[in-house]
Amino acid sequence: MTDIMLNQVKELITKLEANHTDLYNDSFFITWRYPQETINAVLLVAKALMTLNRAGKSVRCFDTGLGLSIFRDKSTRTRYSFKSACNMLGLGTEELDESTSQIAHGETVRETATMISFLSEVIGIRDDMYIGVGHAYQKEFSDSIQESYDRGILPQRTSVVNLQCDLDHPTQALADLSHMIDYFGGVENLRGKKIAMTWAYSPSYGKPLSVPQGIVGLMSRFGMEVSLAYPEGYDLLDEPVQAAEKFSKETGGSFTVTHSMAEAFKDADIVYPKSWAPFTVMQQRTELLKAGRKAELIELEQQALARNASHKDWECTEELMKLTKGGKGLYCHCLPADISGVSCKEGECAASVFERYRLDTYAEAAHKPFVIAAMILLTRFPNPAKVLTQLMERERPRRLVLD
Amino acid sequence: MTDIMLNQVKELITKLEANHTDLYNDSFFITWRYPQETINAVLLVAKALMTLNRAGKSVRCFDTGLGLSIFRDKSTRTRYSFKSACNMLGLGTEELDESTSQIAHGETVRETATMISFLSEVIGIRDDMYIGVGHAYQKEFSDSIQESYDRGILPQRTSVVNLQCDLDHPTQALADLSHMIDYFGGVENLRGKKIAMTWAYSPSYGKPLSVPQGIVGLMSRFGMEVSLAYPEGYDLLDEPVQAAEKFSKETGGSFTVTHSMAEAFKDADIVYPKSWAPFTVMQQRTELLKAGRKAELIELEQQALARNASHKDWECTEELMKLTKGGKGLYCHCLPADISGVSCKEGECAASVFERYRLDTYAEAAHKPFVIAAMILLTRFPNPAKVLTQLMERERPRRLVLD
Amino acid sequence: MTDIMLNQVKELITKLEANHTDLYNDSFFITWRYPQETINAVLLVAKALMTLNRAGKSVRCFDTGLGLSIFRDKSTRTRYSFKSACNMLGLGTEELDESTSQIAHGETVRETATMISFLSEVIGIRDDMYIGVGHAYQKEFSDSIQESYDRGILPQRTSVVNLQCDLDHPTQALADLSHMIDYFGGVENLRGKKIAMTWAYSPSYGKPLSVPQGIVGLMSRFGMEVSLAYPEGYDLLDEPVQAAEKFSKETGGSFTVTHSMAEAFKDADIVYPKSWAPFTVMQQRTELLKAGRKAELIELEQQALARNASHKDWECTEELMKLTKGGKGLYCHCLPADISGVSCKEGECAASVFERYRLDTYAEAAHKPFVIAAMILLTRFPNPAKVLTQLMERERPRRLVLD
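As structure tokens, then:
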């Protein structure tokens, strides 16, 4: 480990000691419901773990133990990130496949929660398909664990980590934020920067709202100028919007909503063009699905796609990029992006723009395993600064060191 | 580790030394075919592992190695328990998914058994769907491993652990027994206690017989009054019933069969109301499935469901619970239970009864990972008492210890 | 560890030091494209790892880290072998299931390659279904990793290991070769031995060509008499055939093609009768699949099966085995074999022949986990001889050692 890396980690630990968190023996759900210290702590621990890992240090904290995941929607990078996070901390991973479990046969959420927690340190859950359901499911899961822990059934208070729900996608937003901090050379440099979180056209249907909600609910905490742009009718849920308004006032930034992509891009330091479904459509869909009304579901999808198609001009083009700060605004995306002429005929982003920022989006994604590992560490240990100090000081390499 | 815990583990090790077992380099199949010492050893090792684990000790015995599972039926808790058991001992886990393997394409059982054993310490198998098939499959699997070991193909004699077959569900029954031992404060306190293993109504079809068979074949060994109750025609297989008769005579308990749920519940210290299919139905089903006679299979299911439905009065109600010892008999279940008005309209157990014992059933389930780990440890090491002594004495915490 | 084993490993390390390899920070694709030193190095490391493992030593090189697999075709033994290899080296394993990932939704190969490499040491890929596609896919995957590594996105240059492509099946061929070396008591004893790689009849359709291609492209390097036999029209691709011709000239062996199974078996020390599809059929199939022409695909399958059926006499019978050297030629197969009267009515091999060599084929398969582990070790460490020396010298048992 070089002296530079060592000093970096020491500095992160010092900062961490100044940020008291209450995550120990709890779950991690929604960024805007936590105080600033908690958010800072996640960022600091993630950065420290990444630095230690890249310095060849093992950050293993567990000799045995399990990290479980439940994915109720498709996932590549969040799934891999969760499993990487567990692995780097020393946890074995298992995935609960609801199709081969007995969940459909009378198991309740609270029962399952305990049954898979006996030797588990953390359970990561993605449930983002239905408005009003995803977070509620995760919360019920977490509360059931708490009950079994309080009653002495579980020897430890297994954490739930939100890997995306209907409200927030905290591991994504915090990874995005970590990338911006790296890119601009420090969290303090984000102050005054303009970020455009904008809707973009996609030929697909039903994309969750949790990414834009997570972005406005988080970036507004750092004194940034947050500009949210979408066609009329594609509003976000109230809670994250109100959080963004409140945070921007508190931190001396701003939060504005516009229906013009160009206006949002104007002088933006960062742009995040990304499709999502109108939440009214998501709500209708949730109700039709519950009622099993298939014909109407198909009709709804047709209508929603047609509605999307009337906004094909919401594409991140070279022309729009020229409007950004010095024509060099940073393009961000959670991936996979709908790239016009590459992954679809017409999509969220022009091919040439995406290609120019492609490796930046990869660097952005690289933060997610460490953000998740930070959430695990913060919820599993009462004194994360001490944990990091031990990891830094001990002689335990990640792989065999040749003499 | 507190002195109390330390003394508990020392006492368990002392008892273990008095129980000679022959499980080393063998498989674990069916409880009633083993001598009492073997059963005692599993219980003692499971309890010791649980105590060490809860004291924060790592019970890892393997630096590398694999634990494989094959599930030919759905499973949540046994699957998780097996993987937890492997993980706590230091084994990586993999599951053989027959749909993505080449098993359908000409691989024989004996070939597969060797192919997945080269670096495996244990293979857990659930195969409980067909009468006359499940145990035979596990036995063939185990015998093939033995042949390859004897002939020098395999460097170790990988164990097979029965995660449920057509005859027995030993990890369930031993977990249930561990729970009863805890609940009544010691195995010696089970002597003279009455347990009612009763059939109960369920709206589902084809539930395996291995749980009731496992319960009567095991609980009869401890001087308990075992009362087996079911509607006419829902008999169990002969072997476990004969084992129960023999054990109850040997240990001064009793084994009786009745066709009245109330009679079984009368003065019972423990009740275990649980649905199962008549084995004549299971036999017919096995034959029809083999012959691919689909129309008759559907007809058989209809008949069986109708037959079940004529016994809806076999429900564990508050009235029945009042008949138990002091109205406070312990309700047990392997979960998931069919709870009337909760997971089904009419089922095995009244909602209020289940709710009162819900956390007890969770505590019951908590033993399974440790029972499975005990079976692995006993089949993998020639001197389990020495293993436990080392695990107890060494300084190896399960997770990072903060100064 | 016995002195004999210790000396064996020391000798292997000494030989390894004489074989310079350039695999560090690279991928492993196709045997015939590597110099002889590389092939030797894989064989030596695999043998050393097997010896250390059987001596009870842990060969763990990684404290944390992941090994990922992508299987685009069914697999039992290669899948298990890859996971065993990762596990023995200390890597956790995850499998990318394309059906639950977002790959179908706009992710490109190059994007996926980076997304699953952040904390991965190795990615094993099987993609053998389509001529002209499998290797290209693996190569694109590997190149994408290289780009992200070069640009600082990835902290390590994750290796890709070819677990079977349209050209080669290197882990299979090298496991087969390791078996032959053991069987004949040393690689130098292979010189002058005759091996018959022959087509054999199978009632199934579309078996890949990579096994026979891998065998002729590899065995021709050791001064063996390689006889390739198949019915007219079942030619292999040019590249491995040309490699075999070149290698056999260089090493003083021979490479001949015949259309008579008997001629190939005549005086053979080793026979490898195994079905494959004509590559013209595989090519047509690839094109029809791309174009989605289902009716023609079914017709093609019918034609191909009929064509196969006209060669049912290509069966490894007792009569043919009598033609081999002293009637005792070694039968090899990658498994599962199509055994006449056992796994199919008429197939690749007579039941009595297979039964006589059954355990030999198991011993053959036993090498694969160590071959894969050798590839991982050689691609991950710059000085594999030093790694083996440390693994040999350190006191780290694979499992708890009882006093």
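Chains as they are written, first to last, in this note's numbering: chain A, 1 to 403; chain B, 404 to 806; chain C, 807 to 1209.
Glycine included, C-beta positions come from ideal geometry on N, C-alpha and C.
Model, not experiment: these values are computed from the prediction.
Assign residue i to buried or exposed, taking buried as 16 or more other Cβ atoms, counted over all protein chains shown, within 10 Å of its Cβ.
{"i": "C:PRO1203", "result": "exposed"}
{"i": "C:LEU902", "result": "buried"}
{"i": "C:THR1221", "result": "Any property of residue 1221 of chain C remains undetermined from this structure, which presents chain C solely from 807 to 1209."}
{"i": "A:PRO170", "result": "buried"}
{"i": "B:ASN490", "result": "buried"}
{"i": "A:ALA104", "result": "Low confidence applies to A:ALA104: its pLDDT is 49, below 50, so where it sits in the model is not reliable, and the reading given next is rough at best. It is exposed - the Cβ of A:ALA104 has fewer than 16 other Cβ atoms within 10 Å."}
{"i": "C:GLU1170", "result": "buried"}
{"i": "C:GLY958", "result": "exposed"}
{"i": "A:VAL122", "result": "buried"}
{"i": "B:ILE775", "result": "buried"}
Please report the distance separating the alpha-carbon of residue i from that of residue j.
{"i": "C:GLU1125", "j": "C:TRP838", "result": "34 angstroms"}
{"i": "B:VAL590", "j": "B:ILE416", "result": "16 angstroms"}
{"i": "B:TRP717", "j": "B:TRP602", "result": "7 angstroms"}
{"i": "C:THR1062", "j": "C:VAL1032", "result": "6 angstroms"}
{"i": "B:THR792", "j": "B:LEU419", "result": "11 angstroms"}
{"i": "A:ARG394", "j": "A:ASP63", "result": "15 angstroms"}
{"i": "B:MET724", "j": "A:GLY292", "result": "39 angstroms"}
{"i": "C:GLY898", "j": "C:LEU925", "result": "11 angstroms"}
{"i": "A:TYR183", "j": "A:ASP176", "result": "10 angstroms"}
{"i": "A:GLN423", "j": "A:MET282", "result": "Beyond the ends of chain A as shown, which are 1 and 403, falls residue 423 of chain A; an answer cannot be given."}
{"i": "A:THR286", "j": "A:TYR130", "result": "5 angstroms"}
{"i": "C:GLY938", "j": "A:GLU355", "result": "27 angstroms"}
{"i": "A:VAL160", "j": "B:PHE485", "result": "22 angstroms"}
{"i": "B:LYS748", "j": "A:TYR137", "result": "23 angstroms"}
{"i": "A:LEU377", "j": "A:PRO384", "result": "7 angstroms"}
{"i": "C:TYR840", "j": "C:ASP832", "result": "12 angstroms"}
{"i": "A:LYS246", "j": "A:GLY214", "result": "15 angstroms"}
{"i": "C:ALA852", "j": "C:ALA1180", "result": "5 angstroms"}
{"i": "A:ALA113", "j": "B:PRO739", "result": "13 angstroms"}
{"i": "A:ARG110", "j": "A:ASP150", "result": "14 angstroms"}
So what does residue i bridge to, in DSSP terms?
{"i": "C:ASN968", "result": "C:ILE931"}
{"i": "B:PHE474", "result": "B:ARG529"}
{"i": "C:ILE1145", "result": "C:CYS1155"}
{"i": "C:ARG1205", "result": "B:PHE465"}
{"i": "A:THR93", "result": "A:GLY67"}
{"i": "B:ILE556", "result": "Answer is none; B:ILE556 lacks a bridge partner."}
Identify, in the order they occur along the chain, each residue of the same chain with its Cβ nearer than 6 angstroms to the Cβ of residue i, setting aside the five sequence neighbours on each side.
{"i": "A:THR78", "result": "LEU163"}
{"i": "B:ASP763", "result": "none"}
{"i": "B:GLY459", "result": "PRO800, ARG801"}
{"i": "A:MET392", "result": "VAL9"}
Ordered along the chain, which non-local residues of its own chain (more than five positions away) have a Cβ less than 7 angstroms from that of residue i?
{"i": "C:GLU900", "result": "LEU872, LEU874"}
{"i": "B:SER605", "result": "SER678, ASN711, ASP741, GLY750, GLU751"}
{"i": "C:PRO1079", "result": "THR1004, ALA1006, CYS1122, GLU1154, CYS1155"}
{"i": "C:VAL1148", "result": "ALA1157"}
{"i": "C:ASP934", "result": "ASP879, GLY940, GLN970, CYS971, ASP972, PRO1014, SER1016"}
{"i": "A:HIS20", "result": "GLU37"}
Return the first residue and the last residue of the beta strand (DSSP E) that residue i is part of.
{"i": "A:LYS345", "result": "That residue, A:LYS345, is in no beta strand (DSSP E); it is neither H nor E in DSSP."}
{"i": "B:MET600", "result": "597 to 601"}
{"i": "B:VAL660", "result": "657 to 661"}
{"i": "B:SER461", "result": "Taken as a continuous stretch (DSSP letters only), B:SER461 belongs to no beta strand (DSSP E), as it is neither H nor E."}
{"i": "C:SER1033", "result": "1031 to 1035"}
Among residues of its own chain, excluding the 5 on either side of residue i, which ones have a beta-carbon nearer than 8 angstroms to its beta-carbon?
{"i": "C:GLU1069", "result": "SER1033, ALA1035"}
{"i": "A:GLY192", "result": "GLY223, MET224, GLU225, GLY253"}
*asked:* Please list, in chain order, the residues of the segment 52 to 69 of chain A that have any C-beta partner in chain D closer than 9 angstroms.
replied: Of the protein chains in this structure, namely A, B and C, none is chain D.
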